[in-house]
Amino acid sequence: MSLNRIFDIAGSAMSAQSIRLNTTASNIANADTASSSTDEVYRARKPVFAAIQQSVMETGFSTAFTDTPESQGVEVKGIVESDAPLNMRYQPDHPMADNDGYVMYPNVNVVEEMTDMLSASRSFQTNVDVMDAAKTMMQRILTLGQ
Amino acid sequence: MSISFDNALGIHEKALNFRVKRAEVLANNLANADTPGFKARDLDFKAALNSSLNQFSEPGAMAMAKTNSKHLTTNAESADSLLYRNPTQPSIDGNTVDTQQETAAYMKNAMDYQASFQFLNSKFKGLTRAIKGE
Chain A
1 MSLNRIFDIA GSAMSAQSIR LNTTASNIAN ADTASSSTDE VYRARKPVFA
51 AIQQSVMETG FSTAFTDTPE SQGVEVKGIV ESDAPLNMRY QPDHPMADND
101 GYVMYPNVNV VEEMTDMLSA SRSFQTNVDV MDAAKTMMQR ILTLGQ
Chain B
1001 MSISFDNALG IHEKALNFRV KRAEVLANNL ANADTPGFKA RDLDFKAALN
1051 SSLNQFSEPG AMAMAKTNSK HLTTNAESAD SLLYRNPTQP SIDGNTVDTQ
1101 QETAAYMKNA MDYQASFQFL NSKFKGLTRA IKGE
């Protein structure tokens, strides 16, 4: 019975979505962090999702070569910083202002972050439901013959 | 006279196994709902049923004989039925998972699993009654 693997798959997705929620929280928290140089300014962080591929040894010969091997859940490959242009504001009276009177603000788009947050929490909920259904299925199989 | 489990349980054990396998594939689709470029997959019940029925009528007809321990196994029947879903609406990042569709398919599969389980369970109950002589 490979019902156990559903727990791994849904669990990997839940962990990936919680990393996404964490980066979103970090981005929104730092949305207004002022800085005086381009090196120090905070940049929006985004996780990179990728499907976990099964190794050739597990799937067997035919599935590995005639067909793309099936995947087993999702993983976070890494967290990248956004290349979007920085938010420069002309505030000559600001203590962090540079010689031209500009203050650097992070390239965080708050609207984008909010939609990301909603999407992440919905996906998390979906995977909780998947795990719950798998749990019910597994409990049924344990009652076989009773 | 001995009881052969293969004859007594019939197709229901295989159907239950298929439902578990399909639940795994659908759970994987849902897990990768936000993965760029991921292609949703599904298993074809009809193809699995046909290959299973062929096995019943002519045992070992489609399987290749292993004459050496180093021969690789070719699980062709499972590879044939694992297909890609046709997306109803293409997305920019190449992901073809429709969460609503996948959730519905997953739930329906769980119900079908319950049905297969009921059949299998009643087969076992029948066997128990036969042994007891009720």
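If you're matching them up, the sequences are chains A and B in order. Numbering-wise, the numbering used here puts 80 at position 80 of the first sequence, and it's gapless, one number per residue. Numbering-wise, the numbering used here puts 1128 at position 128 of the second sequence, and it's gapless, one number per residue. Note that the Cβ used here is the ideal one computed from N, Cα and C, for glycine as well.
Mind checking which residues open and close the beta strand (DSSP E) that includes residue i?
i: Leu-1072 of chain B; result: No beta strand (DSSP E) contains Leu-1072 of chain B, which DSSP labels as neither H nor E.
i: Met-104 of chain A; result: 102 to 105
i: Asp-1042 of chain B; result: 1041 to 1043
Excluding the five sequence neighbours on either side, which residues of its own chain have a C-beta within less than 6 Å of the C-beta of residue i, listed in chain order?
i: Ala-10 of chain A; result: Asn-127, Val-130 and Met-131
i: Pro-1087 of chain B; result: Thr-1096
i: Asp-116 of chain A; result: Thr-24
i: Ile-28 of chain A; result: Glu-113
i: Ala-1141 of chain B; result: In the structure displayed, chain B extends from 1001 to 1134; residue 1141 of chain B sits before or after that span and is not available.
i: Asn-1121 of chain B; result: none
i: Ser-71 of chain A; result: Ala-51, Ile-52 and Gln-53
i: Ala-13 of chain A; result: Val-74 and Asn-127
i: Ser-1012 of chain B; result: A small correction: the amino acid at residue 1012 of chain B is His; Ser does not occupy that position in the sequence shown. Result list for His-1012 of chain B: Ser-1116, Phe-1119 and Leu-1120, in chain order.
i: Gly-1126 of chain B; result: none
Let's see if you can read the secondary structure: which residues bound the alpha helix (DSSP H) around residue i?
i: Asn-87 of chain A; result: Premise fails: Asn-87 of chain A lies in the beta strand (DSSP E), 87 to 90, not in any alpha helix (DSSP H).
i: Tyr-1113 of chain B; result: 1099 to 1132
i: Leu-142 of chain A; result: 110 to 142
i: Ile-28 of chain A; result: 3 to 29
i: Ala-1014 of chain B; result: Correcting the residue type first, residue 1014 of chain B is Lys in the shown sequence and not Ala. From DSSP, the alpha helix (DSSP H) with Lys-1014 of chain B extends over 1012 to 1031.
i: Asn-99 of chain A; result: First-last for Asn-99 of chain A: undefined, no H or E at that position.
i: Ala-1008 of chain B; result: 1005 to 1009
Which one or two residues does DSSP pair with residue i in a beta bridge?
i: Gly-78 of chain A; result: A:Val-48
i: Gln-1089 of chain B; result: DSSP lists no partner for Gln-1089 of chain B.
i: Ser-71 of chain A; result: A:Gln-53
i: Ser-35 of chain A; result: A:Met-104
i: Tyr-954 of chain B; result: Here chain B has residues from 1001 to 1134 only, and residue 954 of chain B is not among them.
CB-CB under 8 Å to residue i, same chain, minus the five flanking residues each way: which ones, in chain order?
i: Arg-1041 of chain B; result: Val-1025, Asn-1028, Asn-1029, Leu-1082, Leu-1083, Tyr-1084 and Arg-1085
i: Ala-97 of chain A; result: Ser-36, Gln-91 and Val-103
i: Thr-1103 of chain B; result: Leu-1030
i: Asn-109 of chain A; result: Ala-44 and Ala-84
i: Thr-33 of chain A; result: Val-41, Tyr-42, Tyr-105 and Pro-106
i: Pro-1036 of chain B; result: Asp-1093, Gly-1094 and Asn-1095
For residue i, collect the residues of the same chain with a Cβ closer than 7 Å to its Cβ; drop the 5 residues on either side in sequence, then sort them by chain order.
i: Phe-49 of chain A; result: Ala-16, Val-74 and Val-76
i: Asn-87 of chain A; result: Tyr-105, Pro-106 and Asn-107
i: Ala-120 of chain A; result: Gln-17, Arg-20, Leu-21 and Thr-24
i: Gly-78 of chain A; result: Val-48
i: Ser-82 of chain A; result: Arg-43, Ala-44, Lys-46 and Asn-107
i: Lys-135 of chain A; result: none
Should residue i go down as buried or exposed, given a rule of 16 or more other Cβ atoms within 10 Å for buried?
i: Asn-99 of chain A; result: exposed
i: Ala-1079 of chain B; result: Its pLDDT being 46, under 50, Ala-1079 of chain B is placed unreliably by the model, and nothing is read from it.
i: Thr-24 of chain A; result: buried
i: Met-1111 of chain B; result: exposed
i: Arg-20 of chain A; result: buried
i: Thr-66 of chain A; result: In this predicted model, Thr-66 of chain A has a pLDDT of only 45, less than 50, meaning its place in the structure is not dependable; the value taken from the coordinates is given anyway. Counting Cβ neighbours within 10 Å, Thr-66 of chain A comes out exposed, since fewer than 16 surround it.
i: Pro-1090 of chain B; result: exposed
i: Ala-84 of chain A; result: exposed
i: Lys-1014 of chain B; result: buried
i: Asp-1034 of chain B; result: buried
i: Asn-1007 of chain B; result: exposed
i: Leu-1043 of chain B; result: buried
i: Phe-1038 of chain B; result: buried
i: Ile-1131 of chain B; result: exposed
i: Asn-4 of chain A; result: exposed
i: Asn-1109 of chain B; result: buried
i: Asn-1032 of chain B; result: buried
i: Ile-1092 of chain B; result: exposed
i: Ser-123 of chain A; result: buried
For residue i, verify whether its CB is less than 7 Å away from any heavy atom of the ligand ZN.
i: Val-74 of chain A; result: As for the ligand ZN, it is missing from this structure, which has no ligand bound.
| Counting pairs of beta carbons, one from the stretch 130 to 141 of chain A and one from the stretch 23 to 40 of chain A, are three or more of them closer than 8 Å? | Not touching, per the Cβ criterion.
Decide if the stretch 1116 to 1123 of chain B is in contact with the stretch 1015 to 1023 of chain B; the criterion is three or more beta carbon pairs, one per stretch, under 8 Å apart.
yes
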